[in-house]
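*Asks:* Sending over a structure as C-alpha cells; questions will come in a sec.
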Ligand code: SF4
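The structure is reproduced here in C-alpha cells:
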C-alpha cells in the first residue's frame, strides 16, 4: 500500500520525501485548499521546486484543491487547477463537482482524486464520480468501518485511499457546519476549521481555557494533555453532566489494522497533518514507513512513540472499529 | 532540559543593554542568513511577538518587520500581540523546526496567548525557514567559530535527546 504524506511548507515536503513518502500532498496559499492557515502552504514557485525535487526522488505530488468554489469566484479554483497541471502535479485532489467537471473537460489526461471533503461514502456516489469525471481514486470519509470499506471496495471502479493517522474529523466531511456556526468560517468554504482568528487561549489559575468565538471549548486542569479548540472535541455542560459531547481530544491511529485494510482492498494510506511542523512530518512518515515494512507483531512498539505527537496525547481507531458507547 | 538556576542567575546582574546588543547581533545574523524568513507573516509582520523562556529571568519581544528585538527583565507586564512561553531550549528547537509546536502544546510544555493568527503565521514562517543556529551563529565567534559550532551542536543534541526521553516516558505511563 502507498503512503500518502502531508506537507504545509517546502521544508516539510522535503522531510516527507526524504523519510520515504510514496506521494506528498500539498496545496496553494489561498482558499482553494482545506488547510488555508496563516503562513502555511505553497506559492507557485515553491510548488514547482517541490515537484521537481519529488520527481528526482521518485515520489509523486498530489495537489489539493479541495474546498468548494465560491459562486462568482470560480476563476481562483480554475487558475489553481491550471497551474497545478502545468507544474506537473501527479494528481489533483478535488471536492467540488463543478471543479471536477472543469478539470475532466479541460485536462482529460490529468489524474483526478476525490477528496475526503466530497464525502463520497457509498458505491453509487463513488461510481457516479468515476463515470462523470473519470475519478481514479476516492479518499474515503473517516465515518466508515473497515467492513463498510471492504463492501464499498467490491462495488466501485476506482482505487480507495483511507486516513490512518493524524487529526480526526468526526462528522460527515465536507458537510460539518460546527465551525461555521461558531465563527462564520468552515473548512468547506474557507479552508479552516476553527480558524485561528477566532481562537483564544487564556490561563485561569492552573487551568488552560480554550475559546472559539464566543464559546468556551475546554478547560484543561494543570497536567492534563491539551487539544485543539474544535467544537467537535469540546467539553460541555450538558444537563447535569460535564463531558465530551461528540469526541475526546484525540487523534486517529488505525495502523494496527493494516492487514484488515489491505484485505479490504485499500490502495493508499493517508497521514493527516499539513498544518503540523516539519519535525512531525519527519517523525511520523519515517515511523509509519518502518511500520509498513515490519512484520505485524513488530508494529505496535514502533508506533507507540507517535502518541506523544497526537492531540490530547491519545489515539483512537475512530469509526473504523465502531462500537456503541 | 531546563537551564539550571546556577547558569541563569548571573543574568540578573548583566545589564539589559548588553544582553540586548548580543541578541540584536544574533537576530541580524539569522535574518541575513535567511532573507525570506518573515515573508510568510504577511500582514502580521509589524506585530509584537513576545517569547518568555520559563527558565530565564528575561523576556524577548520581536517585531519582525522592523528587525527589532528588545529584552526585558521579569517579572514584567508584556505589551505584545502574541505571547509564547516555554523553556529556552524548546523555544530554540522550535525556531529551528526540530520540535513540533502542536505536540509541545498538547503536552503543556508550551503555552500561547494573544493573537493566534499572528502566532500561527510566525510558527509556520520559522518552520519553513531552515534556520540552523549551530551554523548561523557560530560565525559570530570569528576565529573561534569551529569551537563555537561544536559547543552549540553538543548542547543542542543533549537538549533534544532529553526532550525525546521525556516524551518517551510520557508514552510509557500514558
Ligand atoms: S468541527 Fe470537527 S468534525 Fe467539524 S470540520 Fe471541524 S474537525 Fe471536522
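Protein chains in written order, with my numbering: chain B, 1 to 325; chain W, 1 to 174. Beta carbons are placed, not taken as given, at the ideal position from N, Cα and C, and that holds for glycine.
Are three or more beta carbon pairs between the segment 41-55 of chain B and the segment 80-100 of chain B nearer than 8 Å?
*Replies:* yes
*Asks:* In chain order, what residues of the same chain have a beta carbon less than 7 Å from the beta carbon of residue 152 of chain W, not counting five sequence neighbours either side?
*Replies:* As a working note, residue 152 of chain W is residue 152 in the second chain. Cβ within range, chain order: 133, 134, 137, 138.
*Asks:* Along chain W, which residues have their Cβ under 7 Å away from the Cβ of residue 199 of chain B?
*Replies:* Here residue 199 of chain B corresponds to residue number 199 of the first chain, with the count starting at 1. Chain W residues near residue 199 of chain B: 116.
*Asks:* May I ask you to check if the CB of residue 316 of chain B is nearer than 8 Å to at least one heavy atom of ligand 1?
*Replies:* Residue numbering aside, residue 316 of chain B sits at position 316 when the first chain is read from its first letter. Not so, every heavy atom of ligand 1 lies at least 8 Å from the Cβ.
*Asks:* Using a threshold of 9 Å, state whether the C-beta atoms of residue 212 of chain B and residue 241 of chain B are closer than that.
*Replies:* Counting from one through the first chain, the residue named residue 212 of chain B turns up at place 212. Counting from one through the first chain, the residue named residue 241 of chain B turns up at place 241. Result no, Cβ atoms of residue 212 of chain B and residue 241 of chain B do not sit closer than 9 Å.
*Asks:* For residue 113 of chain B, does the count of other Cβ atoms within 10 angstroms reach 16, so buried, or fall short, so exposed?
*Replies:* For this step, residue 113 of chain B is matched to residue 113 along the first chain. Label assigned to residue 113 of chain B: buried.
*Asks:* Taking only runs of the beta strand (DSSP E) that begin and end inside the segment 132-208 of chain B, which ones reach a length of at least 3 residues, in chain order?
*Replies:* 137-139, 159-166, 199-204
*Asks:* Residue 178 of chain B: beta carbon under 8 Å from a heavy atom of ligand 1?
*Replies:* Locating residue 178 of chain B in the first chain gives position 178, counting from the first residue. Result yes, Cβ under 8 Å from ligand 1.
*Asks:* Please classify residue 21 of chain B as buried or exposed, where buried requires at least 16 other C-beta atoms within 10 Å of its C-beta.
*Replies:* Locating residue 21 of chain B in the first chain gives position 21, where the first residue counts as 1. Per the 10 Å Cβ criterion, buried.
*Asks:* Spell out whether any CB of chain B is found under 9 Å from the CB atom of residue 102 of chain W.
*Replies:* Within the second chain, numbered from 1, the residue matching residue 102 of chain W stands at position 102. At least one chain B Cβ lies under 9 Å of residue 102 of chain W.
*Asks:* Taking only three categories from DSSP, how would you classify residue 15 of chain W?
*Replies:* Sequence index remark: in the second chain, residue 15 of chain W carries index 15 (1-based). Reduced to three states, the DSSP call for residue 15 of chain W is coil.
*Asks:* Using 10 angstroms around the beta-carbon of residue 157 of chain W, count the other beta-carbons present and answer buried if the total reaches 16, otherwise exposed.
*Replies:* Mapped onto the second chain, residue 157 of chain W falls at position 157. With fewer than 16 Cβ atoms within 10 Å of its Cβ, residue 157 of chain W is classed as exposed.
*Asks:* Going by C-alpha distance, which of W/26, W/38, W/15 is nearest residue 118 of chain W?
*Replies:* Against the second chain, residue 118 of chain W aligns to sequence position 118. Ranking W/26, W/38, W/15 by Cα distance to residue 118 of chain W puts W/38 first.
*Asks:* Taking the C-alpha atoms as reference points, what is the distance between residue 177 of chain B and residue 146 of chain W?
*Replies:* Position 177 of the first chain holds residue 177 of chain B. Position 146 of the second chain holds residue 146 of chain W. Residue 177 of chain B and residue 146 of chain W have their C-alpha atoms spaced approximately 56 Å apart.
*Asks:* Measuring only the C-alpha atoms, how far is residue 291 of chain B from residue 307 of chain B?
*Replies:* Your numbering for residue 291 of chain B matches position 291 in the first chain. Your numbering for residue 307 of chain B matches position 307 in the first chain. Straight-line Cα distance between these residues: approximately 14 Å.
*Asks:* By the DSSP assignment, the beta strand (DSSP E) with residue 70 of chain W in it spans what residues?
*Replies:* Residue 70 of chain W sits at position 70 when you count from the first residue of the second chain. That run of the beta strand (DSSP E) goes 68-73.
*Asks:* For residue 52 of chain B, return the contacting residues in chain D, with the cut-off set at a CB-CB distance below 8 Å.
*Replies:* Of the protein chains in this structure, namely B and W, none is chain D.
*Asks:* Relative to the alpha-carbon of residue 2 of chain W, which residue among W/13, W/110, W/87 has its alpha-carbon at the smallest distance?
*Replies:* Working through the second chain from its first residue, we reach residue 2 of chain W at position 2. Closest option to residue 2 of chain W, Cα to Cα, is W/87.
*Asks:* Taking residue 301 of chain B as the query, report the chain W residues whose CB atoms sit under 8 Å from its CB, ordered along the chain.
*Replies:* Stepping through the first chain from its first residue, residue 301 of chain B is reached at position 301. None at all; the shortest Cβ gap to chain W is about 10 Å.
*Asks:* Helix, strand or coil, according to DSSP, for residue 244 of chain B in the structure here?
*Replies:* In the first chain, residue 244 of chain B corresponds to position 244, counting from 1. Strand at residue 244 of chain B.
*Asks:* Just by C-beta distance, which residues in the segment 77-98 of chain W are closer than 7 Å to chain B?
*Replies:* 97, 98
*Asks:* Terminal residues of the continuous alpha helix (DSSP H) containing residue 135 of chain W?
*Replies:* By one-based count along the second chain, residue 135 of chain W stands at place 135. 133-138 is the span of the alpha helix (DSSP H), which, as asked, contains residue 135 of chain W.
*Asks:* Report the neighbours of residue 10 of chain B on chain W: residues whose CB is nearer than 7 Å to its CB, in chain order.
*Replies:* One-based indexing of the first chain puts residue 10 of chain B at position 10. Result: 128.
*Asks:* Can you list the residues of chain W that residue 37 of chain B reaches, using a CB-CB cut of under 8 Å?
*Replies:* Position 37 of the first chain, counting from 1, holds the residue named residue 37 of chain B. Chain W residues near residue 37 of chain B: 120, 124.
*Asks:* Which residues of chain B have a Cβ atom closer than 9 Å to the Cβ of residue 58 of chain W, listed in chain order?
*Replies:* Counted from its first residue, the second chain places residue 58 of chain W at position 58. Chain B residues near residue 58 of chain W: none, gap ~20 Å exceeds 9 Å.
*Asks:* When DSSP labels each residue in this structure, what does residue 297 of chain B get in the three-state scheme?
*Replies:* Position 297 of the first chain, counted from the start, is the residue given in the question as residue 297 of chain B. In this structure, residue 297 of chain B counts as helix in the three-state DSSP scheme.
*Asks:* Please find out if some non-hydrogen atom of ligand 1 comes closer than 8 Å to the beta-carbon of residue 5 of chain B.
*Replies:* Position 5 of the first chain, counted from the start, is the residue given in the question as residue 5 of chain B. Not so, every heavy atom of ligand 1 lies at least 8 Å from the Cβ.
*Asks:* To the nearest angstrom, how far is the alpha carbon of residue 203 of chain B from that of residue 75 of chain W?
*Replies:* Reading the first chain from its first residue, position 203 is the one you call residue 203 of chain B. Reading the second chain from its first residue, position 75 is the one you call residue 75 of chain W. If you take the alpha carbons of residue 203 of chain B and residue 75 of chain W, they lie about 17 Å apart.
*Asks:* Counting only Cβ pairs nearer than 7 Å, list the residues of chain W close to residue 40 of chain B.
*Replies:* What you label residue 40 of chain B is simply residue 40 of the first chain in a count that begins at 1. The contacting residues are 124.
*Asks:* Can the beta-carbon of residue 155 of chain B be found less than 9 Å from the beta-carbon of residue 127 of chain B?
*Replies:* By one-based count along the first chain, residue 155 of chain B stands at place 155. By one-based count along the first chain, residue 127 of chain B stands at place 127. A contact, by the Cβ cut-off of 9 Å.
*Asks:* What three-state label does DSSP hand residue 112 of chain W in the structure shown?
*Replies:* As a working mapping, residue 112 of chain W is identified with position 112 in the second chain. Three-state DSSP puts residue 112 of chain W in a strand.
*Asks:* With DSSP as the reference, label residue 98 of chain W as helix, strand or coil.
*Replies:* Indexing the second chain from 1 puts residue 98 of chain W at position 98. Note: residue 98 of chain W maps to coil in three-state DSSP.
*Asks:* For residue 84 of chain W, which of W/161, W/112, W/95, W/28 has the nearest alpha-carbon?
*Replies:* Here residue 84 of chain W corresponds to residue number 84 of the second chain, with the count starting at 1. Out of W/161, W/112, W/95, W/28, W/112 has the C-alpha closest to the C-alpha of residue 84 of chain W.
*Asks:* Let's see if you can read the secondary structure: which residues bound the alpha helix (DSSP H) around residue 287 of chain B?
*Replies:* The residue given as residue 287 of chain B occupies position 287 in the first chain. Unbroken alpha helix (DSSP H) run through residue 287 of chain B: 278-292.
*Asks:* Within 9 Å of any Cβ in chain B, is that where the Cβ of residue 48 of chain W sits?
*Replies:* Locating residue 48 of chain W in the second chain gives position 48, where the first residue counts as 1. Taking Cβ atoms only, chain B never reaches closer than 9 Å to residue 48 of chain W, which makes this a no.
*Asks:* Starting from residue 235 of chain B, follow its DSSP beta bridges and name the residues at the other end.
*Replies:* For the purposes of this step, residue 235 of chain B is identified with residue 235 of the first chain, where counting begins at 1. Partner(s): B/244.
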